[in-house]
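S.K.: All letters in the sequence shown, in the order written, are residues 1 to 79 by the UniProt record's numbering. Where is the CB? At the ideal position from N, CA and C, for every residue including glycine. Being a predicted model, the structure only gives us computed values, none of them experimental.
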Amino acid sequence: MKNTDRYTKIYSGNQVSVILLKGLLQEAAIAVIEKNEQNSGVIAGFVGGTQSTISLSVQEFDKAKAEKIVAAFKAQETK
1 MKNTDRYTKI YSGNQVSVIL LKGLLQEAAI AVIEKNEQNS GVIAGFVGGT
51 QSTISLSVQE FDKAKAEKIV AAFKAQETK
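(1) Can you tell which of V16, L24 and Q15 has the C-alpha that lies nearest to the C-alpha of A71?
(2) For Q59 versus Y7, is the C-beta distance shorter than 8 Å?
(3) Between the Cα of residue 86 and those of K79, A29, F73 and L21, spot the shortest distance and give me the residue it belongs to.
(4) By how many angstroms is the C-alpha of E34 removed from the C-alpha of V18?
(5) Under the assumption that I54 contacts Q26 (Cβ atoms under 8 Å), give the Cβ distance between them as a whole number of angstroms.
(6) So, at 8 Å on beta carbons, what are the nonlocal neighbours of I69 in its own chain, with the 5 sequence-adjacent residues on each side left out?
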């Protein structure tokens, strides 16, 4: 795996927030991987977390750009 192919977690939250933020990141042409621990556990036959265990990861080279979008999103959420 190349360094540019490495992914880093940038956000963890509830399903609604993850869907909204994922859309913002994709609009900015940032590739996103969504990991849902709860759904993974249910599929495997056991409970695997809470609803807030959904995370988004982006490639290392997009991290700085993505973090700015996440910060703006969080600021908007708290208003």
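M.R.: Answer, in terms of the structure:
(1) Locating residue 71 in the sequence shown gives position 71, counting from the first residue. Comparing Cα positions, the closest option is L24.
(2) Taking the sequence shown and counting its residues from 1, the one referred to as residue 59 is at position 59. Taking the sequence shown and counting its residues from 1, the one referred to as residue 7 is at position 7. Yes. Within cutoff.
(3) There is no way to answer for residue 86, as the model of the chain reaches only from 1 to 79.
(4) Stepping through the sequence shown from its first residue, residue 18 is reached at position 18. Stepping through the sequence shown from its first residue, residue 34 is reached at position 34. Each residue's alpha carbon lies about 8 Å from the other.
(5) Start at 1 with the first residue of the sequence shown, and residue 54 comes out as number 54. Start at 1 with the first residue of the sequence shown, and residue 26 comes out as number 26. That pair is no contact at about 16 Å.
(6) By 1-based counting over the sequence shown, the position of residue 69 is 69. For I69, the CB contacts under 8 Å within the same chain, skipping 5 residues up- and downstream, are L21, L24, L25, A28 and I30 in chain order.
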